[in-house]
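Just so you know, the protein sequences line up as chains A, B and C, in that order. Going letter by letter, the first sequence gives residues 1 to 273 in the numbering used here. Going letter by letter, the second sequence gives residues 1001 to 1160 in the numbering used here. Going letter by letter, the third sequence gives residues 2001 to 2141 in the numbering used here. Don't be surprised by glycine CBs; every beta carbon is placed ideally from N, CA and C. One structure is given below, encoded as structure tokens.
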Amino acid sequence: MANQPHTLRDFADPPVVETVLGVQFAPMPFSIPHFGLYWEQIRSEFPQYRVLPPLGHVREQFGGPSGGVSRKIGIEVVQDPELRCWFLDKKGNQIIQVQRDRFIHNWQKISGSEVYPRYESVRAKFETEWKRFREFLEQGGFGKPEVNQCEVTYVNHIEYEKGWKSFGELSKVISCWSGKHSGAFLPDQEKVTLNVSYLLPGNQGRMYVSLEPVIRTRDAKEVLQFNLTVRGAPSSSGDADVLRWLDVGRQWVVEGFTDFTTDAMHKVWGRTK
Amino acid sequence: MGAHEMITIQSQPTMRLEYQQERKSLTHFLGQGVQGVQVIKVPPEWTWQVEPIKKILGALLLPENWDSYGGHAPGIGSAAAAIDFIAQITHEDPPRPRVVPLGTGGVQLEWRNGQRELEVECSPDGSIEVLKIEGDSEGEQCPSFNTADITSLFSWLLAA
Amino acid sequence: MSERLPADADDQSISGDEILYRRIPLNPSEMIQETDVPGEFRPSSGNFRSEGPLSVDRSSLSSPEQTRDRAKPAVFHIAGVQAKVARQCGCRIVKDPLPDNPAHVLIFGDHDSGTGALNGKQTKAIAKAARLVLFSNISSS
Chain A
1 MANQPHTLRD
11 FADPPVVETV
21 LGVQFAPMPF
31 SIPHFGLYWE
41 QIRSEFPQYR
51 VLPPLGHVRE
61 QFGGPSGGVS
71 RKIGIEVVQD
81 PELRCWFLDK
91 KGNQIIQVQR
101 DRFIHNWQKI
111 SGSEVYPRYE
121 SVRAKFETEW
131 KRFREFLEQG
141 GFGKPEVNQC
151 EVTYVNHIEY
161 EKGWKSFGEL
171 SKVISCWSGK
181 HSGAFLPDQE
191 KVTLNVSYLL
201 PGNQGRMYVS
211 LEPVIRTRDA
221 KEVLQFNLTV
231 RGAPSSSGDA
241 DVLRWLDVGR
251 QWVVEGFTDF
261 TTDAMHKVWG
271 RTK
Chain B
1001 MGAHEMITIQ
1011 SQPTMRLEYQ
1021 QERKSLTHFL
1031 GQGVQGVQVI
1041 KVPPEWTWQV
1051 EPIKKILGAL
1061 LLPENWDSYG
1071 GHAPGIGSAA
1081 AAIDFIAQIT
1091 HEDPPRPRVV
1101 PLGTGGVQLE
1111 WRNGQRELEV
1121 ECSPDGSIEV
1131 LKIEGDSEGE
1141 QCPSFNTADI
1151 TSLFSWLLAA
Chain C
2001 MSERLPADAD
2011 DQSISGDEIL
2021 YRRIPLNPSE
2031 MIQETDVPGE
2041 FRPSSGNFRS
2051 EGPLSVDRSS
2061 LSSPEQTRDR
2071 AKPAVFHIAG
2081 VQAKVARQCG
2091 CRIVKDPLPD
2101 NPAHVLIFGD
2111 HDSGTGALNG
2121 KQTKAIAKAA
2131 RLVLFSNISS
2141 S
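Right under this line is the structure:
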């Protein structure tokens, strides 16, 4: 990474539809009754819930020919069913996701007309809820969570007809996509799905960029989903180090988003810095 | 709507070896990771499927009493069953289905090929009922349709 | 109607030739389809799916416009089908006048299920015989 910019680049109307800040920690013996007890503490602000399958335990690995991610697979001793609970606020814009080794806070657009509340607000909310969750764990005799990964994800929906029309014009959206061929045989691309990863310096983590066509369920609209996920280990489980890592992750997401997309699209999104 | 099919082998003392088989179902396309915003991923092989799926999702936006007879808007259960059905059709270029919301909160998919017609009713509880009609006959009703039979169903439709 | 009717309840004072009207939504456009006769349209069978017996209006007591306008300000097409078509596929027709709609009748399908809703074969038979008698567009209100 070149010189760290003093202020991050910014947009008046970015295509972000969701932000996710999360931590992963060594699994705790957190079981079904504990989800209910925790929900009681937050229910006045998060009155809705959903139950989903759990996310895998994922840790970024470095060194070796291709680095990558280790996922826990194969044989495991399981005493209780594993699950993940979502607790949603009244309008569904905020989600707290909890499982025995994860705590995640999401902000998402529901109606589509919401204005992105900006990172500072989202970070503050994460900090408050993470603290409240940790206090619950300590009161419940679980001890302090040993955080081994932090994760920042931004989900962007790039709509067609706003600066570009089809995958044949992807070069108008993605700065590193030329769309050119060495000959004249191939027609324009019908669809493109892209996955790229970047290594953060000093093995702080890894950024994953993915692009794929999706149909958004809230309005049945086809859009290009452009996700940036930064994942890595904080220096310690302490609050300051966790938040510091999340700030680095967010910096990578914002700067990565800006570098990855074209000046033409920056104009569409109202780049201010 | 199930998430994954699991094969579990139990042996003493208490160890489980679990394989997860992802079936090509709605949850496969929803890709439920950390993301909250719900999307249907469009695999490269989808061509004709996109438009009817957009229409199914559009039906979710109908208001209550949309039909003036107290009709309910289709819910996620009906939509999931309908999208699941479409996703499992292996024929490359079948006739395009009509997508008809039902006042019961279900979604009906309709296909026609010559004298043969299919009506696939997807209910809010995710169950599927199929009506096969040929010509002027009253048709053959198949309640609790098993989606494993989709290929033979479409072979019948396209043989007209 | 909440009382359970006798299984053979069918009001024969409603003639088999009488047309029964049903409102058909404009959206989505696939609620109607063209028949083999160019310019002639019929409703999809989905329009006759309901949780209980099917609500329709008697043409002897309501014009298509009156049936359409009962849903104002919302706008609908109107489809018509002869009562005998419903009876031929095993349905029963019962008067159910309402304070604001004396033309209202109910078509009972599967009486044994307790809901009175029509099954797939019944809705299909009625849909095939029905025809749009009044077209509307958004500006019809």
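Item	Value
Can you tell me which of A:101, A:109, A:38 puts its alpha carbon nearest to the alpha carbon of residue 1039 of chain B?	A:109
Within its chain, find whatever has a CB closer than 7 angstroms to the CB of residue 1106 of chain B; leave out the 5 residues flanking it on each side and keep chain order.	1074, 1078, 1121, 1122, 1123, 1124
Is it true that the region 2057-2068 of chain C meets the region 2126-2137 of chain C, where meeting means three or more beta-carbon pairs spaced less than 8 angstroms apart?	yes
List, from N- to C-terminal side, the beta strand (DSSP E) runs of 3 residues or more that fit wholly inside the region 74-120 of chain A.	84-88, 94-99, 102-108
Which partner residues does residue 1996 of chain C have in the DSSP bridge list?	Residue coverage of chain C in this structure runs from 2001 to 2141, which leaves residue 1996 of chain C outside it and unanswerable.
Please classify residue 2072 of chain C as buried or exposed, where buried requires at least 16 neighbouring CB atoms within 10 angstroms.	exposed
Would you report the Cα separation of residue 272 of chain A and residue 179 of chain A, rounded to the nearest angstrom?	28 angstroms
Out of curiosity, what's the CA-to-CA distance linking residue 1091 of chain B and residue 89 of chain A?	43 angstroms
Distance check for residue 1047 of chain B and residue 1139 of chain B, CA to CA, integer angstroms please.	30 angstroms
Take residue 80 of chain A and list the residues in its own chain whose beta-carbon comes closer than 6 angstroms to its own, dropping the five residues that flank it on each side.	31
Could you tell me which chain E residues have their CB closer than 7 angstroms to the CB of residue 1099 of chain B, listed as they occur along the chain?	Absent from the structure is chain E; the protein chains it does hold are A, B and C.
Using a Cβ cut-off of 8 angstroms, pull out every chain B residue sitting near residue 2120 of chain C, in sequence order please.	1119, 1121, 1129, 1131, 1139, 1141
Taking only the alpha-carbon atoms, compute the straight-line gap between residue 1158 of chain B and residue 57 of chain A and give it to the nearest angstrom.	46 angstroms
What are the partner residues of residue 1039 of chain B, as DSSP defines its beta bridges?	A:216
Between residue 163 of chain A and residue 174 of chain A, what straight-line distance do the alpha-carbon atoms span, to the nearest angstrom?	12 angstroms
Pair every Cβ in the region 204-222 of chain A with every Cβ in the region 118-138 of chain A, then say whether three or more of these pairs are closer than 8 angstroms.	no
Name the chain C residues that come within less than 8 angstroms of residue 1108 of chain B, Cβ to Cβ?	2044, 2045, 2046, 2049
Give the straight-line distance between the Cα atoms of residue 2020 of chain C and residue 2104 of chain C, rounded to the nearest whole angstrom.	9 angstroms
Please report the straight-line C-alpha distance between residue 1070 of chain B and residue 1064 of chain B, rounded to a whole angstrom.	7 angstroms
What residues are listed by DSSP as bridge partners for residue 2057 of chain C?	C:2021, C:2104
Using a Cβ cut-off of 7 angstroms (strictly closer), state whether residue 1061 of chain B contacts chain C.	no
Could you compute how far the alpha carbon of residue 149 of chain A sits from the alpha carbon of residue 258 of chain A?	25 angstroms
Could you check the C-alpha separation between residue 2094 of chain C and residue 2052 of chain C for me, to the nearest Å?	13 angstroms
Give a yes or no on whether 7 angstroms exceeds the smallest Cβ distance from residue 1021 of chain B to chain C.	Unreliable placement is indicated for residue 1021 of chain B, whose pLDDT of 31 sits below 50; no coordinate value is reported for it.
Nearest CA to the CA of residue 2023 of chain C: which residue from C:2034, C:2116, C:2044?	C:2044
Go to residue 2206 of chain C, then tell me how far its alpha helix (DSSP H) extends in each direction, as first and last residue.	The structure shown has nothing for residue 2206 of chain C, since chain C only spans 2001 to 2141.
With DSSP run on the structure shown, which of helix, strand or coil describes residue 2138 of chain C?	helix
Please state whether the Cβ-Cβ distance between residue 70 of chain A and residue 84 of chain A is less than 7 angstroms.	no
Mind pulling the chain B residues with CB within less than 7 angstroms of residue 2030 of chain C?	1098, 1099, 1100
Can you tell me the Cα-Cα spacing of residue 1134 of chain B and residue 2138 of chain C, whole angstroms?	36 angstroms
Can you list, in chain order, the residues of its chain with a C-beta nearer than 7 angstroms to that of residue 1042 of chain B? Leave out the 5 residues immediately preceding and following it.	1050
Residue 2043 of chain C bridges to which residues according to DSSP?	C:2032
Let me check one thing: in DSSP terms, what residues is residue 34 of chain A bridge-paired to?	DSSP, once it has assigned bridges, lists no residue as partnering residue 34 of chain A.
Taking only beta-carbon atoms, is residue 1058 of chain B less than 7 angstroms away from chain A?	yes
Considering residue 1050 of chain B, what are the terminal residues of the alpha helix (DSSP H) in which it resides?	1050-1059
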